[in-house]
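> Starting off with a structure, shown below.
2 protein chains.
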Amino acid sequence: MGLLIQLLRRAGVTGIASPFLALLVSHLPAFSADPLPSWNPGPTKDAILRFVAQVTTPGTRDFVPAAERIATFDNDGTLWAEQPVYFQALFVFDRVQALSPKHPEWQTQEPYASILRKDFRTALAGGEHALVEMVMATHAGMTTEEFSDLTRKWISTARHPATGRLLTDMTYQPMLELLAYLRSREFKTYIVSGGGIEFIRPWSEGTYGIPPEQVIGSSIRTRFEMRNGRATLVKLPELSFIDDKAGKPVAIQHHIGRRPILACGNSDGDLEMLQWTEASTLPHLCLFVRHDDAAREYAYDRESSIGRLDKGLDEAAAHKWTVISMKSDWNQIYRGALKPTE
Amino acid sequence: MGLLIQLLRRAGVTGIASPFLALLVSHLPAFSADPLPSWNPGPTKDAILRFVAQVTTPGTRDFVPAAERIATFDNDGTLWAEQPVYFQALFVFDRVQALSPKHPEWQTQEPYASILRKDFRTALAGGEHALVEMVMATHAGMTTEEFSDLTRKWISTARHPATGRLLTDMTYQPMLELLAYLRSREFKTYIVSGGGIEFIRPWSEGTYGIPPEQVIGSSIRTRFEMRNGRATLVKLPELSFIDDKAGKPVAIQHHIGRRPILACGNSDGDLEMLQWTEASTLPHLCLFVRHDDAAREYAYDRESSIGRLDKGLDEAAAHKWTVISMKSDWNQIYRGALKPTE
Chain A
1 MGLLIQLLRR
11 AGVTGIASPF
21 LALLVSHLPA
31 FSADPLPSWN
41 PGPTKDAILR
51 FVAQVTTPGT
61 RDFVPAAERI
71 ATFDNDGTLW
81 AEQPVYFQAL
91 FVFDRVQALS
101 PKHPEWQTQE
111 PYASILRKDF
121 RTALAGGEHA
131 LVEMVMATHA
141 GMTTEEFSDL
151 TRKWISTARH
161 PATGRLLTDM
171 TYQPMLELLA
181 YLRSREFKTY
191 IVSGGGIEFI
201 RPWSEGTYGI
211 PPEQVIGSSI
221 RTRFEMRNGR
231 ATLVKLPELS
241 FIDDKAGKPV
251 AIQHHIGRRP
261 ILACGNSDGD
271 LEMLQWTEAS
281 TLPHLCLFVR
291 HDDAAREYAY
301 DRESSIGRLD
311 KGLDEAAAHK
321 WTVISMKSDW
331 NQIYRGALKP
341 TE
Chain E
1001 MGLLIQLLRR
1011 AGVTGIASPF
1021 LALLVSHLPA
1031 FSADPLPSWN
1041 PGPTKDAILR
1051 FVAQVTTPGT
1061 RDFVPAAERI
1071 ATFDNDGTLW
1081 AEQPVYFQAL
1091 FVFDRVQALS
1101 PKHPEWQTQE
1111 PYASILRKDF
1121 RTALAGGEHA
1131 LVEMVMATHA
1141 GMTTEEFSDL
1151 TRKWISTARH
1161 PATGRLLTDM
1171 TYQPMLELLA
1181 YLRSREFKTY
1191 IVSGGGIEFI
1201 RPWSEGTYGI
1211 PPEQVIGSSI
1221 RTRFEMRNGR
1231 ATLVKLPELS
1241 FIDDKAGKPV
1251 AIQHHIGRRP
1261 ILACGNSDGD
1271 LEMLQWTEAS
1281 TLPHLCLFVR
1291 HDDAAREYAY
1301 DRESSIGRLD
1311 KGLDEAAAHK
1321 WTVISMKSDW
1331 NQIYRGALKP
1341 TE
């Protein structure tokens, strides 16, 4: 700001009231530092910077009006880690533990019995279906506000079983930079996750800068109910929507009503979202995160315990989507990686 | 702007480059004209102005951060007229006419036969259910983009059967002012309609200044499909969600994830949305439009051919919601009312 004041003074601007100047300066575009310092120089970073410059430069053929600058990001494995299990499963396991005194039948009933024995691998053997069942069993009956409070409290202390880090510190620093950079260029950034919409919302604004109305996810049904004379929504043990695979474009259209011009995923579950984005008639960018860094994160770019990824990677190659190698493209993986104990 | 330049000059600001000054001025709050000129002076207008001042004045007890300034508006009967039938029904009738050559069975099959005879009253005797059936029969098979183009084209010429005015000119001028005023005070304005989400979106931005991602409504299911190698969403003849009555708070939570602090409706279908808003822990305002102006619009504030309104009005009185009398509170009803032939 000092430099700008000097320039303005040289240009003959004197005596301007400082609040006015602060206001003025706060609306000038930043023209200095690298917006993506955790990204190594190279074709991936170049592709991102080139695309953003291309669609935000007025008067050019590829200019896209701000209103159409929709960017959608998968969450698990794209914005934060997803190994050894989806982090939301850790929340569900904790709920099963907390509610088990009221459910003596869970001691012998699967998958609950495995969770209570801390055998999480067996508990998740039933895949997505088993997890959804547990979500419904442990969340039903709460109001949306009770659930939101519970989630907010849980995420503030929940730690990763292997690294011991706060889960919110296992968000990817390069992605936090990319989200902020896109917003600084008037993109609207959305999460489009297979995870629970109400699980992500309570902490998405603080963690990613993404407000609740820009979170899209899987959901269970709710029912409007007056409780003690106050209007509430109560969670039901009924599935509403699975926001995965072909569900992602369906949900994007339902919530946003515009095609994204930028989408980013990391698994076969994100394929249709990327195809939907690729079919935009506006200039667009499809990004695909490759988990190829066994030393700093995990390497599972073809298959993993939580699902296949090979189709996505093959499509990415075939369609020339921009593949992000965690190993080569990122000089830092996690947020606050330098201070792991904080 | 001239006055401000003079003031700045008097304050010693000279020689400032004009683009800088324009930028500066464009970010100062407007401090002049009545933001609601179509609203008559009185308690209703006062309540609105007082509420907005109250929640937007920093440092006061009732201040609400901009992110929480969510305002939800019903559409039919709240933002535009809804007599003699919901305007979307006119669209559906036109679709039935257009598609009838391909459906010879409609000549004898109700409600289609009545529509083809232009007996709209009989056609709608089946109520919401009949309308939803017709929506599904006439919209299924189209892609979302084909439907959007069709709707945009239709609304650009569709006229009201009684007034002959463009339907978009039967939007209420005082409501257009209220929406713009709220946005100027950093509210995010939403439509929450029993009408079709995809029917409203193509023209909501141009008509109301409300972008597609802030439109919530009823919906039919879609299926992701590659057509000629291009990712599309195809409309199915299956109901997804009816955004009416208790469905409104459910949909508000699903799309926005925050309780509104301002809601406005006009019928029993809006009751639960208003109750949901009333239960906010933040300062809030519930508005209820009363159709009591037979001369300039329609008078049907207790019952009408399209549904009951008495419960809403009784609740409004009991809960001291702010009732907007079209007759007393509005000095102009429709947009562009002075130039009906344009």
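Line by line, the protein sequences give chains A and E.
Numbering follows the working numbering, in which position 290 of the first sequence is assigned residue number 290; successive positions increment by one, without gaps.
Numbering follows the working numbering, in which position 192 of the second sequence is assigned residue number 1192; successive positions increment by one, without gaps.
All C-beta atoms, glycine included, are put in the ideal place defined by N, C-alpha and C.
On a predicted model such as this, the values are computed, not experimentally measured, just so you know.
(1) Could you compute how far the alpha carbon of A/S204 sits from the alpha carbon of A/Y190?
(2) Indicate whether at least one CB of chain A lies closer than 8 Å to the CB of E/R1185.
(3) Comparing C-alpha positions only, which one of A/L179, A/I197, A/T222 sits nearest to A/T78?
(4) Is the distance from the Cβ of E/D1074 to the Cβ of E/G1265 below 8 Å?
(5) For E/M1226, list the residues DSSP reports as bridge partners.
(6) Hey, is E/A1030's beta-carbon within less than 8 Å of any beta-carbon in chain A?
(7) Please tell me whether E/C1286 and E/W1321 are closer than 8 Å, where the distance is taken between their beta carbons.
(8) Taking Cβ positions, are A/L116 and A/A89 nearer each other than 8 Å?
(9) Under 8 Å, Cβ to Cβ, is there at least one residue of chain A near E/H1377?
(10) Are the CB atoms of E/M1142 and E/K1248 within a distance shorter than 8 Å?
(11) Please confirm whether A/W276 has its beta-carbon closer than 8 Å to some beta-carbon of chain E.
(12) Please tell me whether E/S1218 and E/G1194 are closer than 8 Å, where the distance is taken between their beta carbons.
(13) Report the rounded CA-to-CA distance for A/A98 versus E/A1279, giving the unit in angstroms.
(14) Does DSSP put E/G1077 in a helix, a strand or coil?
(15) Does any residue of chain E bring its CB to less than 8 Å from the CB of A/G257?
(16) Could you give the DSSP three-state label for E/L1178: helix, strand or coil?
(17) Give me the chain A residues within the contact set of E/H1254, using Cβ-Cβ distance strictly less than 7 Å, ordered along the chain.
(18) My output table needs one value for A/R159: the three-state DSSP class, helix, strand or coil.
(19) Per DSSP, which one or two residues make a beta bridge with E/W1039?
(20) Give the interface partners of E/P1211 over in chain A, defined as CB-CB distance under 7 Å, in chain order.
(21) Using the beta-carbon of each residue, which ones in chain E are nearer than 9 Å to A/E272?
(22) Between E/S1148 and the rest of its own chain, which residues show a CB-CB distance below 8 Å, the 5 nearest in sequence each way excluded?
(23) Residue ranges of each alpha helix (DSSP H) run of no fewer than 4 residues wholly in the segment 193 to 217 of chain A, ordered along the chain?
(24) Using DSSP with H/G/I as helix, E/B as strand and the rest coil, what is A/A22?
(25) If distances are taken between C-alpha atoms only, which option among E/D1301, E/R1296, E/Q1054 comes closest to E/D1268?
(26) For A/V64 and chain E, any beta-carbon pair shorter than 8 Å?
(27) Run through DSSP, which three-state label would A/P104 get?
(28) For the 8 Å Cβ check, are there 3 or more pairs between the segment 167 to 178 of chain A and the segment 34 to 47 of chain A?
(29) Just the chain E side, please: which residues come within less than 7 Å of A/V250 by C-beta, in chain order?
(30) In whole angstroms, give me the CA-to-CA distance for A/L233 and E/Q1253.
(31) Can you give me, in chain order, the residues of the segment 1124 to 1147 of chain E that have a beta carbon less than 7 Å from any beta carbon in chain A?
(32) Give a yes or no on whether 8 Å exceeds the smallest Cβ distance from A/V55 to chain E.
(33) Taking Cβ positions, are E/F1087 and E/L1150 nearer each other than 8 Å?
(34) Our contact map puts A/V85 next to A/M134 with C-beta atoms below 8 Å; I'd like the distance itself, whole angstroms only.
(35) Give the list of continuous alpha helix (DSSP H) stretches no shorter than 4 residues that lie fully inside the segment 1275 to 1321 of chain E.
(36) On the criterion of 16 or more Cβ atoms from any shown chain inside 10 Å, does E/G1206 qualify as buried, or is it exposed?
In brief:
(1) What you label residue 204 of chain A is simply residue 204 of the first sequence in a count that begins at 1. What you label residue 190 of chain A is simply residue 190 of the first sequence in a count that begins at 1. Near 10 Å, if we compare the C-alpha coordinates of A/Y190 and A/S204.
(2) Position 185 of the second sequence holds residue 1185 of chain E. No, E/R1185 lies away from the interface with chain A (no Cβ there is under 8 Å from its Cβ).
(3) Start at 1 with the first residue of the first sequence, and residue 78 of chain A comes out as number 78. For the residues A/L179, A/I197, A/T222, the minimum Cα distance to A/T78 belongs to A/L179.
(4) By one-based count along the second sequence, residue 1074 of chain E stands at place 74. By one-based count along the second sequence, residue 1265 of chain E stands at place 265. Against a cut-off of 8 Å, the Cβ pair of E/G1265 and E/D1074 comes out as a contact.
(5) Taking the first residue of the second sequence as 1, we reach residue 1226 of chain E at position 226. Per DSSP, E/A1231.
(6) Here residue 1030 of chain E is taken as the residue at index 30 of the second sequence, counted from 1. At E/A1030, the pLDDT of 47 sits below 50, so the modelled position is not reliable; the number obtained from the coordinates is stated separately. For E/A1030, the answer is no, since every Cβ of chain A falls outside 8 Å of its Cβ.
(7) Here the question's residue 1286 of chain E lines up with position 286 in the second sequence. Here the question's residue 1321 of chain E lines up with position 321 in the second sequence. Closer than 8 Å, so yes.
(8) Position 116 of the first sequence, counted from the start, is the residue given in the question as residue 116 of chain A. Position 89 of the first sequence, counted from the start, is the residue given in the question as residue 89 of chain A. Taking 8 Å as the Cβ cut-off, A/L116 and A/A89 do not qualify as a contacting pair.
(9) An answer regarding residue 1377 of chain E cannot be provided, because it is not within the stretch 1001 to 1342 covered by chain E.
(10) For the purposes of this step, residue 1248 of chain E is taken as the residue at position 248 of the second sequence. For the purposes of this step, residue 1142 of chain E is taken as the residue at position 142 of the second sequence. In this structure, E/M1142 does not lie closer than 8 Å to E/K1248 by Cβ.
(11) As a first step, residue 276 of chain A is located in the first sequence; it is residue number 276 there, counting from the start. Taking Cβ atoms only, chain E reaches closer than 8 Å to A/W276, which makes this a yes.
(12) Reading the second sequence from its first residue, position 218 is the one you call residue 1218 of chain E. Reading the second sequence from its first residue, position 194 is the one you call residue 1194 of chain E. With respect to the 8 Å criterion, E/S1218 and E/G1194 are classified as neighbours on the basis of their beta carbons.
(13) Sequence index remark: in the first sequence, residue 98 of chain A carries index 98 (1-based). Sequence index remark: in the second sequence, residue 1279 of chain E carries index 279 (1-based). One C-alpha to the other measures close to 29 Å.
(14) In the second sequence, counting from the first residue as 1, residue 1077 of chain E sits at position 77. The answer is coil: DSSP assigns E/G1077 none of H, G, I, E or B.
(15) Your numbering for residue 257 of chain A matches position 257 in the first sequence. Yes - at least one Cβ of chain E is within 8 Å of the one on A/G257.
(16) Start at 1 with the first residue of the second sequence, and residue 1178 of chain E comes out as number 178. If DSSP states are grouped into helix, strand and coil, E/L1178 belongs with the helices.
(17) Position 254 of the second sequence holds residue 1254 of chain E. Those are S219, listed as they occur along chain A.
(18) The residue labelled residue 159 of chain A in the question sits at position 159 within the first sequence. Looking at A/R159 - three-state DSSP - the assignment turns out to be strand.
(19) What you label residue 1039 of chain E is simply residue 39 of the second sequence in a count that begins at 1. Paired residue(s): E/W1330.
(20) By 1-based counting over the second sequence, the position of residue 1211 of chain E is 211. Within 7 Å Cβ-Cβ: A67.
(21) Your numbering for residue 272 of chain A matches position 272 in the first sequence. What A/E272 touches in chain E: F1224, A1231.
(22) Translated into positions along the second sequence, residue 1148 of chain E becomes position 148. The answer, listed in chain order, is E1198, R1201, P1202.
(23) 197 to 208
(24) Taking the first residue of the first sequence as position 1, residue 22 of chain A is located at position 22. Its pLDDT being 45, under 50, A/A22 is placed unreliably in this model, and the value from its coordinates should be taken loosely. When secondary structure is reduced to three states using DSSP, A/A22 falls in the helix class.
(25) Start at 1 with the first residue of the second sequence, and residue 1268 of chain E comes out as number 268. Looking at the Cα atoms, E/D1301 is the closest of the given residues.
(26) Residue mapping note: residue 64 of chain A aligns to position 64 of the first sequence, counting from 1. Residue contact with chain E for A/V64: absent (no Cβ-Cβ distance below 8 Å to any residue of chain E).
(27) Position 104 of the first sequence, counted from the first residue, corresponds to residue 104 of chain A. The answer is helix: DSSP assigns A/P104 an H, G or I state.
(28) As far as the Cβ criterion goes, the segment 167 to 178 of chain A touches the segment 34 to 47 of chain A, which means the pair count is three or higher.
(29) Walking along the first sequence from the start, residue 250 of chain A turns up at place 250. Within chain E, the residues near A/V250 are T1222, F1224, L1233.
(30) Indexing the first sequence from 1 puts residue 233 of chain A at position 233. Indexing the second sequence from 1 puts residue 1253 of chain E at position 253. Their Cα atoms are separated by approximately 9 Å.
(31) T1144
(32) Within the first sequence, numbered from 1, the residue matching residue 55 of chain A stands at position 55. For A/V55, the answer is no, since every Cβ of chain E falls outside 8 Å of its Cβ.
(33) Position 87 of the second sequence, counted from the first residue, corresponds to residue 1087 of chain E. Position 150 of the second sequence, counted from the first residue, corresponds to residue 1150 of chain E. Going by C-beta atoms, E/F1087 is not nearer than 8 Å to E/L1150.
(34) The residue you call residue 85 of chain A lines up with position 85 of the first sequence. The residue you call residue 134 of chain A lines up with position 134 of the first sequence. Their Cβ separation, rounded to whole angstroms, is 12 Å, which puts A/V85 and A/M134 out of contact at 8 Å.
(35) 1310 to 1318
(36) The residue given as residue 1206 of chain E occupies position 206 in the second sequence. When all chains shown are included, E/G1206 counts as exposed.
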